[in-house]
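Here is the structure we will look at, set down as structure tokens.
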Amino acid sequence: MNRIIPNPITIISGNGYCSFDRFILEFDDEFEKYHKPFNDLLEKIIENQTQPSKSVKVKCIYEPTLATEEYILTVEKHLISVQCFDGAGFFYAIQTLRQCISKNAEGLLTFPIMVVKDKPRFKWRGLHLDVCRHFFRIDEIKRVLDLMGMYKLNRFHWHLTEDQGWRIEIKKYPLLTEKSAWRTEKDGSRYGGFYTQDEIKEVVAYAAERFISVVPEIELPGHAQAALSAYPQYSCTGGPFEVWNDWGVSDEVYCAGKDSTFEFLNDIINEVCTLFPSEYFHIGGDECPKTRWHECPDCRKRMKQEGLSNEEELQSWFIRRIEKTLLQQGKILIGWDEILEGGLAESAVVMSWRGTEGGIKAVKRGNKAIMTPWASMYFDKRPYEEDKKVNLPILTWEDVYNYDPLPQELNEAEQKLIIGAQANVWTEHIHTEEELEYMLIPRLFPLSEILWASPERKDIESFRWLLKRHMEFLIQKGYNFAKYREEILNK
Ligand code: ACM
Ligand code: ZN
Numbered sequence: 007m008n009r010i011i012p013n014p015i016t017i018i019s020g021n022g023y024c025s026f027d028r029f030i031l032e033f034d035d036e037f038e039k040y041h042k043p044f045n046d047l048l049e050k051i052i053e054n055q056t057q058p059s060k061s062v063k064v065k066c067i068y069e070p071t072l073a074t075e076e077y078i079l080t081v082e083k084h085l086i087s088v089q090c091f092d093g094a095g096f097f098y099a100i101q102t103l104r105q106c107i108s109k110n111a112e113g114l115l116t117f118p119i120m121v122v123k124d125k126p127r128f129k130w131r132g133l134h135l136d137v138c139r140h141f142f143r144i145d146e147i148k149r150v151l152d153l154m155g156m157y158k159l160n161r162f163h164w165h166l167t168e169d170q171g172w173r174i175e176i177k178k179y180p181l182l183t184e185k186s187a188w189r190t191e192k193d194g195s196r197y198g199g200f201y202t203q204d205e206i207k208e209v210v211a212y213a214a215e216r217f218i219s220v221v222p223e224i225e226l227p228g229h230a231q232a233a234l235s236a237y238p239q240y241s242c243t244g245g246p247f248e249v250w251n252d253w254g255v256s257d258e259v260y261c262a263g264k265d266s267t268f269e270f271l272n273d274i275i276n277e278v279c280t281l282f283p284s285e286y287f288h289i290g291g292d293e294c295p296k297t298r299w300h301e302c303p304d305c306r307k308r309m310k311q312e313g314l315s316n317e318e319e320l321q322s323w324f325i326r327r328i329e330k331t332l333l334q335q336g337k338i339l340i341g342w343d344e345i346l347e348g349g350l351a352e353s354a355v356v357m358s359w360r361g362t363e364g365g366i367k368a369v370k371r372g373n374k375a376i377m378t379p380w381a382s383m384y385f386d387k388r389p390y391e392e393d394k395k396v397n398l399p400i401l402t403w404e405d406v407y408n409y410d411p412l413p414q415e416l417n418e419a420e421q422k423l424i425i426g427a428q429a430n431v432w433t434e435h436i437h438t439e440e441e442l443e444y445m446l447i448p449r450l451f452p453l454s455e456i457l458w459a460s461p462e463r464k465d466i467e468s469f470r471w472l473l474k475r476h477m478e479f480l481i482q483k484g485y486n487f488a489k490y491r492e493e494i495l496n497k
């Protein structure tokens with residue numbers, strides 16, 4: 007029975023096994039630069055024996071007719087070969103192999119003889135994490151990236167700024183981390199944290215080794231109260247504000263009327279761009295209350311000058327101005343689906359979260375979209391019916407499995423503009439690393455399945471069996487989700 011998540015496109019099984027306790031890696035010239043990282047990765051996976059007795063050759067072969075991320079993995083009795091177009095293809099072949107390892111009676115590692123041909127269904131296979139409502143150290147971020155790599159996800163959407171905290175060091179504006187990264191909770195305690203630029207670079211490099219692109223999100227024009235608590239001059243009213251210590255959506259947003267707001271935001275964006283090689287940049291754009299803009303003389307003047315008839319158009323004008331900065335940096339703007347309101351920026355990619363309508367509307371206009379609908383892709387919901395933890399709606403792994411990111415009403419050309427989907431992990435009610443892992447496992451498995459595998463071959467009963475095996479594997483690897491589940495069930 008196939009044990010691989012996500013399910014490869016084709017597996018042709020042979021008879022017998024390839025058994026070994028040592029490997030010799032051999033690369034085509036095109037892949038020589040990967041020699042050391044892949045050697046280290048394989049060694050870690052097979053946990054090299056101390057007295058090796060039988061070696062196997064692992065060959066990585068450049069195959070220009072394959073696509074990016076695609077691979078053909080051939081396991082023979084004395085040879086493992088991977089044909090691929092790029093390093094990502096080889097990396098994914100290794101992830102497939104790792105899920106097929108067993109140990110035989112002589113203590114040798116074995117892989118079944120087989121040929122696997124495989125490539126992903128979607129280009130964007132994402133996971134989002136809010137580190138603002140609650141903060142997660144880079145060690146935990148790396149554990150999440152490990153999981154993503156194992157299950158062939160390739161975009162880490164890092165939600166770095168919020169009303170409740172600013173989490174990324176900006177050298178030009180030091181108060182963003184001195185002040186905006188810390189809030190006073192209702193009980194008087196202080197809560198917060200941030201990543202230095204060196205830590206950000208470390209995470210980006212760690213992700214790149216797993217062929218994951220890290221996409222930063224700097225929220226604007228709303229969700230800005232933490233930033234405005236340190237720099238109130240870029241608000242409509244001038245403040246003063248505190249970093250927010252409540253959940254919800256704050257009315258304090260960046261002023262669209264003052265040119266200095268855009269200098270501030272451009273400086274930040276330009277600095278953030280130097281840290282993230284990603285071709286995409288997320289600017290938020292969701293849930294921006296218009297109360298302050300409505301009353302602000304600067305904003306009203308701007309609307310008059312620019313011929314904008316309402317605040318929605320002012321929001322659209324705001325996003326277009328930021329889009330220019332990003333285009334100068336060679337970046338593609340992504341925003342939540344509210345950026346459709348008042349007119350969509352030409353090059354923007356829409357992240358459809360309130361439903362799938364935003365994504366459908368975007369691709370019908372010729373823009374690209376990523377599906378993250380609240381109903382199916384919000385991992386801040388409770389994963390099990392029997393959990394009585396906070397009063398949140400339920401999203402089971404079956405719900406995730408049953409979601410198809412491609413809306414049936416789209417034609418083929420429109421479907422091509424849906425570049426993928428993503429699960430979002432908002433952390434208002436996720437306080438610890440254990441809890442975060444509990445929210446990810448096992449729902450990350452069906453996420454991986456719907457993003458990579460072919461939908462025609464879905465079979466929920468065999469997936470149920472598979473999911474249990476993978477949970478056991480991750481418990482062995484030290485993930486804490488099961489312990490956490492016992493604790494909350496016994497509460
Ligand atoms: C969102 O959940 N506010 C994008
Ligand atoms: Zn204003």
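One rule links them: number in the working numbering = place in the sequence shown (from 1) + 6.
We put the beta carbon where it would ideally sit given N, CA and C, even for glycine.
Sheet register partners of residue i (DSSP bridge)
| i | result |
| --- | --- |
| Leu85 | Lys63 |
| Asn21 | Paired residues: none, contrary to the question. |
| Cys138 | Answer is none; Cys138 lacks a bridge partner. |
| His163 | His134, Val221 |
| Tyr68 | Cys90 |
| Gly426 | Trp130, Ile376 |
| Ile78 | Gln89, Lys123 |
heavy atom of the ligand ZN below 8 Å from residue i C-beta
| i | result |
| --- | --- |
| Arg216 | no |
| Asp257 | no |
| Glu263 | Correcting the residue type first, residue 263 is Gly in the shown sequence and not Glu. Checking the Cβ of Gly263 against the ligand ZN gives yes. |
| Cys294 | no |
| Trp299 | yes |
| Asp304 | yes |
| Cys66 | no |
| Cys242 | yes |
heavy atom of the ligand ACM below 8 Å from residue i C-beta
| i | result |
| --- | --- |
| Trp253 | no |
| Asp347 | In the sequence on display, residue 347 carries Glu and not Asp. Glu347 Cβ: outside cutoff for every heavy atom of the ligand ACM. |
| Glu168 | no |
| Asn430 | yes |
| Trp380 | yes |
| Glu434 | no |
| Trp342 | yes |
| Trp359 | yes |
(message) Would the segment 121-133 count as touching the segment 462-475 if we require 3 or more Cβ pairs under 8 Å?
(response) no
(request) For the segment 357-377 and the segment 418-432, state whether three or more C-beta atom pairs, one from each stretch, are separated by less than 8 Å. (result) yes
(request) Entirely within the segment 198-256 and at least 4 residues each: give me those alpha helix (DSSP H) ranges in chain order. (result) 203-215, 231-236
(message) For the segment 445-456 against the segment 401-418, do three or more pairs of beta-carbon atoms, one drawn from each stretch, fall closer than 8 Å, so that the two count as touching?
(response) yes
(message) For the pair the segment 357-366 and the segment 306-320, tell me if three or more CB-CB distances fall below 8 Å.
(response) no
(message) So within the segment 439-471, which uninterrupted alpha helix (DSSP H) runs reach at least 4 residues, ignoring any that extend past its ends?
(response) 439-446, 450-458
(message) Would the segment 211-220 count as touching the segment 147-162 if we require 3 or more Cβ pairs under 8 Å?
(response) yes
(request) Kindly confirm or deny that the segment 172-192 and the segment 229-241 touch, where touching means at least three C-beta pairs closer than 8 Å. (result) yes
(request) Specify whether the segment 253-273 and the segment 319-335 touch according to this definition: at least 3 beta carbon pairs, one from each stretch, less than 8 Å apart. (result) yes
(request) At 3 residues or longer, and completely inside the segment 335-401: list those beta strand (DSSP E) runs for me, N to C. (result) 338-342, 355-358, 374-377
(request) Check whether the segment 484-493 touches the segment 437-446, counting contact only when three or more Cβ pairs, one atom from each stretch, lie closer than 8 Å. (result) yes
(message) If contact is defined by three or more beta carbon pairs under 8 Å, each pair taking one atom from either stretch, is the segment 224-231 in contact with the segment 242-261?
(response) yes
(message) Suppose only complete runs of 4+ residues qualify. What are the alpha helix (DSSP H) ranges in the segment 255-343, listed by chain order?
(response) 265-281, 297-301, 303-312, 317-334
(request) Could you tell me whether the segment 21-39 touches the segment 76-94, using the rule of 3 or more Cβ pairs below 8 Å? (result) yes
(message) Three Cβ pairs or more, each shorter than 8 Å: is that satisfied between the segment 344-359 and the segment 298-313?
(response) no
(message) Runs of 4 residues minimum, wholly inside the segment 90-146: which ones carry the alpha helix (DSSP H) assignment?
(response) 93-104
(message) I'd like to know if the segment 276-294 and the segment 330-343 are in contact, where contact means that at least 3 CB-CB pairs between them fall below 8 Å.
(response) yes
(message) Counting beta carbon pairs with one atom in the segment 392-400 and one in the segment 89-109, are three or more of them shorter than 8 Å?
(response) no
(message) Within 8 Å, do at least three Cβ pairs link the segment 468-476 to the segment 158-168?
(response) no
(message) For the segment 117-128 against the segment 12-20, do three or more pairs of beta-carbon atoms, one drawn from each stretch, fall closer than 8 Å, so that the two count as touching?
(response) yes
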